[in-house]
Amino acid sequence: MKLLSWIAPLFIATIDLTGYFSYYVASQLALSKAGQNQSNLTRQTIDHFNNIAQDAIDFSNYLLLSDTVQELLSKPDDPDAHRRAFTTLSSLMVTRNSIQSLIIYPLESNSMESIGQPFAIDQTGLTSAMPYPLFSKSKLFQTALELNGKETWGFIPPSEKLFVGDSDNKIVLAKLIKSADLRTKGMIIVGVQESKLRKQLINSIDAQALVLDDAGTILTGTESTWIGHSYRNIPNQEIKQLSLSDMPTSIQTSDWLISSASSTLTGWHAVIIQPKDVLLQELDRISMITIIFMSVSLLTALLFSWIATSFITTSMRKLLKSMRMLQTGDFSQRVHFSATDEIGQLGRGYNVMVERIKELIDDVYNTKLKQREAELKTLQEQINPHFLYNTLDMIYLSAQKNGETAIAEMVYSLSRMFRLRLSGGRSIISLEQEMELVQHYLHLQRLRFKNRIAFDLDIDPKARHAQVPKLLIQPLVENAVIHGIEPMNGDGFIQVKCRIDNDRLLISVTDNGAGIPYDRLAELNRMFVQITKRGDAGTTTNPSQSFAIRNLQERLMLAFGPEVQLRIDSQEGRGTTASIAIPWEETCDHDECALG
Numbered sequence: 404m405k406l407l408s409w410i411a412p413l414f415i416a417t418i419d420l421t422g423y424f425s426y427y428v429a430s431q432l433a434l435s436k437a438g439q440n441q442s443n444l445t446r447q448t449i450d451h452f453n454n455i456a457q458d459a460i461d462f463s464n465y466l467l468l469s470d471t472v473q474e475l476l477s478k479p480d481d482p483d484a485h486r487r488a489f490t491t492l493s494s495l496m497v498t499r500n501s502i503q504s505l506i507i508y509p510l511e512s513n514s515m516e517s518i519g520q521p522f523a524i525d526q527t528g529l530t531s532a533m534p535y536p537l538f539s540k541s542k543l544f545q546t547a548l549e550l551n552g553k554e555t556w557g558f559i560p561p562s563e564k565l566f567v568g569d570s571d572n573k574i575v576l577a578k579l580i581k582s583a584d585l586r587t588k589g590m591i592i593v594g595v596q597e598s599k600l601r602k603q604l605i606n607s608i609d610a611q612a613l614v615l616d617d618a619g620t621i622l623t624g625t626e627s628t629w630i631g632h633s634y635r636n637i638p639n640q641e642i643k644q645l646s647l648s649d650m651p652t653s654i655q656t657s658d659w660l661i662s663s664a665s666s667t668l669t670g671w672h673a674v675i676i677q678p679k680d681v682l683l684q685e686l687d688r689i690s691m692i693t694i695i696f697m698s699v700s701l702l703t704a705l706l707f708s709w710i711a712t713s714f715i716t717t718s719m720r721k722l723l724k725s726m727r728m729l730q731t732g733d734f735s736q737r738v739h740f741s742a743t744d745e746i747g748q749l750g751r752g753y754n755v756m757v758e759r760i761k762e763l764i765d766d767v768y769n770t771k772l773k774q775r776e777a778e779l780k781t782l783q784e785q786i787n788p789h790f791l792y793n794t795l796d797m798i799y800l801s802a803q804k805n806g807e808t809a810i811a812e813m814v815y816s817l818s819r820m821f822r823l824r825l826s827g828g829r830s831i832i833s834l835e836q837e838m839e840l841v842q843h844y845l846h847l848q849r850l851r852f853k854n855r856i857a858f859d860l861d862i863d864p865k866a867r868h869a870q871v872p873k874l875l876i877q878p879l880v881e882n883a884v885i886h887g888i889e890p891m892n893g894d895g896f897i898q899v900k901c902r903i904d905n906d907r908l909l910i911s912v913t914d915n916g917a918g919i920p921y922d923r924l925a926e927l928n929r930m931f932v933q934i935t936k937r938g939d940a941g942t943t944t945n946p947s948q949s950f951a952i953r954n955l956q957e958r959l960m961l962a963f964g965p966e967v968q969l970r971i972d973s974q975e976g977r978g979t980t981a982s983i984a985i986p987w988e989e990t991c992d993h994d995e996c997a998l999g
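For the sequence shown, position 299 (counting from the first letter as 1) is numbered 702 according to this note's numbering, and the numbering increases by one without interruption.
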């Protein structure tokens, strides 16, 4: 009993302290990781909104220099000028998915009075705008006038009726239009549909998020009732206390985890907020399980220390050694107690727990894999295949009947691309089918660039029936077209080669395009090595441009493990080669071979 009275307090104190500090350290690590991920997500959000804002700015700058717009402002009542403006601007807006509406007010340079009806257009065609006498009294007009040619941003609810008949909130850009001699000729209003931006936030962020302008007005957010109001009017006290002029990038309160990022382009701020208790729910469950397990261990240890202290000491040392190895990540650890009493049960319970933890980790990995497959299938299911195929076939037959051979070829290639991309919902296709998809894609691009692109597809006959993940080569070819050939002034050439080298399938995509700067090339190849070693890409300077390549590398890792190799070689101004090497073994039966 005396020995037990010494051991019991020691065990109790040890278990309590271990549980407390384990929970504290685990919670701090979990919050730190969540904060880092949340900060990255906030930065990505503001970058996304910067891209949309820059697109609107570029669009407005292009219109300022457009002869069509200048003619419209010079002849505001000329029907022909209106017709030409509608034709040109409607075609341009089709290529700008984020831009919903456009208004041009023609003005007299000295008096700033209207010299004609406003020209208004949206994605559906011609529309109506607020009459100039009303618009000239608005805060948006006055601010744009004061900036004298610089753009200003604002939030326009449907109640202000700037876009007549439009029931959606708008985030708008306004600026004066100047002539070559710097005389004011009009004002341009570019409208971005807020509901689209809100939907993108809801789909990409599993937390409360909002985007503020430089005055604190909520432009969009996951909570629709907040939009259009000042951030100081929302119920969350932590956000109310933030200062726009000196907003920190990360804040932890007793209950909330808050991240923010600001844009130097627009002055906007992206804010994401999550409650800590949600982030720590899983940790609390694990803590409870640990407490229960430790309590049982304590009772068992006390009982057997009273019966056989030496036996318990030996057994507990063995268990403690195994637990330490487990803490280092060795999940092959097992303890083997020959006894069938409580000590033996404790050992078997420990083995079950280790096995269960390993199963949970495997479940997380499988869940991530299934999530990626589900995302791909969701994208595929957004299109009704039968309706799409029937429609494309009808267009193809109509084009052939009318002698439109070029259109028929484009429609046929597009139809084949959709069939191959969907491929009945299968995620694995033959290399020959993947190369056919690439061929149709390059054929469409050659028609688009008026035969400026030539290509060569070379596939080893032994590799034709190799089973590979769908969209293995096409993203590399698309990158070659967009980042290599498109910036060139001359003709482009793309070569795709697939061959078998011993036990590996080697795939290369080569172009003679613009090439990649040395620093960017080093960053990409470093990212590939990080994904291979750690399973994630870490932080890149421009994640949006490397998304497709990063996604391809992660899919290859999930499919083939760390043996897969992805590398990019390039010389700026001389072209780029992207290479893939994946394990391959010949398991041929009737000309069907598979990857190992």
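By construction, the Cβ of each residue, glycine as well, lies at the ideal position given by its N, Cα and C atoms.
Where the alpha helix (DSSP H) containing residue i begins and where it ends
i, result
"L475", "470-477"
"Y508", "Per DSSP, Y508 belongs to no alpha helix (DSSP H); it is in the beta strand (DSSP E), 502-509."
"K542", "542-550"
"S833", "Unbroken run through S833 is the beta strand (DSSP E), 831-833; no alpha helix (DSSP H)."
"P536", "535-538"
"T628", "Premise fails: T628 is in no alpha helix (DSSP H) and is neither H nor E."
"T808", "808-825"
"F489", "482-497"
"Q640", "640-643"
For residue j and residue i, believed in contact at Cβ under 8 Å, the rounded distance
i, j, result
"A612", "I654", "A612 to I654, Cβ: 15 Å. No contact."
"I971", "A962", "Actually they are not in contact, since the Cβ atoms of I971 and A962 sit about 20 Å apart, beyond 8 Å."
"A809", "L850", "7 Å"
"L576", "A459", "5 Å"
"I518", "W671", "So it is not a contact: roughly 34 Å between Cβ atoms."
"I524", "S570", "Contact doesn't hold; Cβ gap of about 17 Å is too wide."
"L847", "L817", "7 Å"
"K873", "S830", "6 Å"
"E837", "V871", "6 Å"
"I506", "P482", "At roughly 19 Å, the Cβ-Cβ gap does not stay under 8 Å, so I506 and P482 are not in contact."
"S856", "I888", "Just to set this straight, residue 856 is Ile in the shown sequence, not Ser. Contact holds; Cβ gap of about 6 Å."
Cβ-based burial, residue i [other Cβ within 10 Å; buried from 16]
i, result
"N882", "buried"
"S627", "exposed"
"F858", "buried"
"F452", "buried"
"I983", "buried"
"Y768", "exposed"
"S463", "buried"
"K465", "Looking at the sequence shown, residue 465 is not Lys but Tyr. Under this definition Y465 is an exposed residue."
"P638", "exposed"
"T623", "buried"
"A416", "exposed"
"R486", "exposed"
"I695", "exposed"
"E597", "buried"
"T421", "exposed"
Span of the beta strand (DSSP E), counted from its first residue to its last, around residue i
i, result
"A523", "522-525"
"I654", "653-655"
"T587", "587-596"
"V575", "573-581"
"H672", "672-678"
"I862", "856-862"
"Q968", "968-974"
C-beta atoms of residue i and residue j nearer than 9 Å
i, j, result
"I580", "L495", "no"
"S501", "V595", "yes"
"I876", "R902", "no"
"R727", "F740", "no"
"P965", "L908", "no"
"P890", "E975", "no"
"K588", "T555", "no"
"I592", "Y535", "no"
"N905", "R977", "no"
"Q503", "Q473", "no"
"L860", "V814", "no"
"V394", "G893", "Since the first residue of the chain shown is 404 and the last is 999, residue 394 is not available in this structure."
"N572", "P561", "yes"
"T1006", "D617", "Past the boundaries of the shown model lies residue 1006; the chain is included only from 404 to 999, so the question cannot be answered."
"R601", "T625", "yes"
"T530", "G557", "no"
"Q441", "Q603", "no"
Test: residue i CB closer than 9 Å to a CB of chain C
i, result
"I952", "Looking at the structure shown, chain C is missing, and only one protein chain is on hand."
TODO: Could you tell me which uninterrupted beta strand (DSSP E) segments, each at least 3 residues in length, are contained entirely in the stretch 866-952, listed from first to last along the chain?
DONE: 870-872, 895-904, 907-914
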